[in-house]
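In the numbering used here, the protein residues as written are 14 to 201. Here a beta-carbon is modelled for each residue, glycine too, at the ideal position from N, C-alpha and C.
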């Protein structure tokens, strides 16, 4: 699933109109598991100057990057974070970690050959889904439309109670970006 989708869907699932002070924590937890992927990409392009053809076929699969990605996509580690935050009565930390768990659960069914190790460090098992959020060879063109519609519905729901103009602008921007991306990648 695309990273911005996680922030919006997680906010719709975990956010509460009466508790807007937790929205940032939920959005952060929604994107946090993908941060190592962004760091990898910046490293590959700007520091390593890796050829574009090798970035996602070779560099992405290097053990260091796979372990960094697996650590933040780990359901057991995020659940431990939920438990520690609950034990310490730290609501913000609990919501960040819960949002990370939700991110991982949403990723499970939509990753094919790029599946994460969601049970790391206890297992290296990867659930290889028959569908992909991006790969047309694995119904990515259909999954992308479903994802876009879920994000749009969540945005409409959130628009009623999210007060921040910046948040509203970002949500509209994500929806426009997805609409353009859908056309460019799958409908032309």
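Residue 96, DSSP secondary structure in three states: Correct three-state label for residue 96: helix.
How about residue 167 and residue 25: are their beta carbons less than 8 Å apart? Yes, these two residues count as a Cβ contact at 8 Å.
What's the C-alpha gap between residue 87 and residue 35? Rounded to whole angstroms, the separation of the alpha carbons of residue 35 and residue 87 is 22 Å.
Rounded Cβ spacing between residue 84 and residue 47 (contact assumed at less than 8 Å): Cβ-Cβ separation between residue 84 and residue 47: approximately 12 Å, too far for a contact (criterion under 8 Å).
Given this structure, state the Cα-to-Cα distance separating residue 176 from residue 52, to the nearest angstrom. Each residue's alpha carbon lies about 31 Å from the other.
Extent of the continuous alpha helix (DSSP H) run through residue 180: Counting along the chain, the alpha helix (DSSP H) containing residue 180 begins and ends at 178-195.
In terms of residue numbering, what span does the alpha helix (DSSP H) encompassing residue 74 cover? That residue, residue 74, is in no alpha helix (DSSP H); it is neither H nor E in DSSP.
Quick test of your reading: residue 154 and residue 142, contact by CB under 8 Å. State the CB separation rounded to the nearest angstrom. 15 Å between Cβ atoms; not a contact.
If the criterion is Cβ atoms closer than 8 Å, does the pair residue 45 and residue 113 meet it? Yes; because the gap between Cβ atoms is below 8 Å, this pair is in contact.
Of the residues 31, 32, 30, 42, which one's Cα is nearest the Cα of residue 18? Nearest C-alpha to residue 18: 42.
In angstroms with no decimal places, state the Cα-to-Cα distance between residue 146 and residue 123. Cα to Cα, the separation comes out at about 5 Å.
So is residue 77 buried or exposed if we call it buried at 16+ other beta carbons inside 10 Å? Burial check for residue 77: the Cβ neighbour count within 10 Å stays below 16, so the residue is exposed.
Residue 60 to residue 191, Cα distance in whole Å? So the two alpha carbons sit approximately 29 Å from each other.
Nearest-angstrom Cβ-Cβ length linking residue 131 and residue 121, presumed shorter than 8 Å: That pair is a contact at about 6 Å.
According to the Cβ coordinates, are residue 151 and residue 82 closer than 8 Å? In this structure, residue 82 does not lie closer than 8 Å to residue 151 by Cβ.
So the candidates are 93, 64, 79; which of them puts its Cα closest to the Cα of residue 138? Scanning 93, 64, 79 for the CA closest to the CA of residue 138 turns up 79.
Residue 180 classed as buried or exposed, judged by whether at least 16 other C-beta atoms fall within 10 angstroms: That one is buried.
Take the Cβ of residue 94 as the centre, count every other Cβ of all protein chains shown within 10 Å, and call the residue buried at 16 or more, exposed below. By the neighbour-count rule (16 or more Cβ atoms within 10 Å), residue 94 is buried.
Could you check which residue in 67, 22, 55, 158 has the C-alpha nearest to that of residue 40? Checking every option, the nearest Cα to that of residue 40 belongs to 22.
Here's a check: name, in chain order, each residue in its chain whose Cβ is nearer than 6 Å to the Cβ of residue 106, leaving out the five neighbours to either side. Setting aside the 5 residues that flank it on each side, residue 106 is surrounded in the same chain by 98, each with a C-beta closer than 6 Å to its C-beta; the list follows chain order.
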